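Numbering (UniProt numbering), first residue to last: 1 to 278.
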């Protein structure tokens, strides 16, 4: 289970592990940090305690039951875990954003002039967008301890804002949520989406939108993708209060947050690009 994000990352036509070259640290799109996070005792122990967690009937996550604190609290309290998590998310961003930009990038990003990567970590996703689309002013919003950990050597390509997405999101044409909403309950997702709606700048050309990169359960008919989506749902439920959602569940939270339409593009293997419009 711990290797699910790495095994068949792009839903290859044949089952099997990803070639070892994808795990070499020196590769620009190495997935090694993601493997190290998934195989760390902090993540493996909750997974191996699932039976006890299910019997307990508690509302807390398996991670919280084992460690006494939620995943986000653990990352903020333990710098080594926070760094491990940030490195893993950055590795995933470099891998998936290359697919997103080449697969549907011009359709998704061409017309926008400003973008905020909400909970964007160390800026890997935002920098990928800025490199591919220099006309887009990219900003990363994340918690203060994350922003403070970023080395001051990224130049002026990306701006950084420290803050909590539950309270405030800087204004932009588009808001990027990459692998964020699946970590949260429906109630919290609606709150985050409402904050995003407040931050969208009405644009005659771009129209203003949220760009979500996440799992849409059932978006692919390939058995290997469906299996990966189910494993992700299990992993997410162990680590966070969130879940993976099918289109009906996504539609429900979009409507409750005040959005009128959306478009799903299943171009990222077991993940999809979802554009959400006010």
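Backbone N, C-alpha and C define an ideal beta-carbon position, used for all residues, glycine too. Note that the coordinates shown come from a computational prediction; the quantities given were computed from them, not determined experimentally.
Is it right to say residue 245 is buried, meaning 16 or more other beta carbons lie within 10 angstroms of its own, or is it exposed?
-> buried
Regarding residue 174 and the ligand HEM, is the C-beta to nearest heavy atom distance less than 7 Å?
-> As presented, the structure is devoid of all ligands, the ligand HEM included, so that no description of it is given.
When DSSP labels each residue in this structure, what does residue 139 get in the three-state scheme?
-> strand
Please classify residue 182: is it buried, with 16 or more other beta-carbons within 10 angstroms of its beta-carbon, or exposed?
-> buried
Quick one, which of 55, 61, 30 and 52 has its alpha-carbon nearest residue 241's?
-> 61
Inspect the CB distances between the region 169-180 and the region 196-216 and report whether three or more fall short of 8 Å.
-> yes
Exposed or buried, residue 166, counting other C-beta atoms within 10 Å across all chains shown (16 or more means buried)?
-> exposed
Drop a sphere of 10 angstroms on the beta-carbon of residue 263, count the other beta-carbons inside from all chains shown, and report buried for 16 or more, exposed for fewer.
-> exposed
Count the CB pairs spanning the region 80-95 and the region 119-129 that are closer than 8 Å, and state whether there are at least three.
-> yes
Does DSSP put residue 166 in a helix, in a strand, or in coil?
-> coil
To which residues of the same chain is residue 219 closer than 6 Å at the C-beta, ignoring the five residues directly before and after it?
-> 266 and 272
In terms of alpha-carbon separation, which member of 231, 33, 249 and 160 lies closest to residue 80?
-> 33
If you run the structure through DSSP and keep just helix, strand and coil, what is residue 76?
-> helix
Answer with buried or exposed for residue 142, where buried requires no fewer than 16 other C-beta atoms within 10 angstroms of its C-beta.
-> buried
May I ask you to report which of helix, strand or coil DSSP gives residue 118?
-> strand
DSSP three-state assignment for residue 192, whether helix, strand or coil | helix
Just tell me which of 31, 147 and 192 has its CA closest to the CA of residue 168.
-> 192
So what's residue 248 in DSSP terms, helix, strand or just coil?
-> helix
Out of 188, 66, 214 and 274, point me to the one whose CA is closest to residue 257's CA.
-> 188
When burial is assigned at 16 or more other CB atoms within 10 Å of the CB, is residue 294 buried or exposed?
-> Nothing can be reported for residue 294: it is not among the residues displayed for the chain, which extend from 1 to 278.
Host beta strand (DSSP E) of residue 266 (start-end) | 261-268
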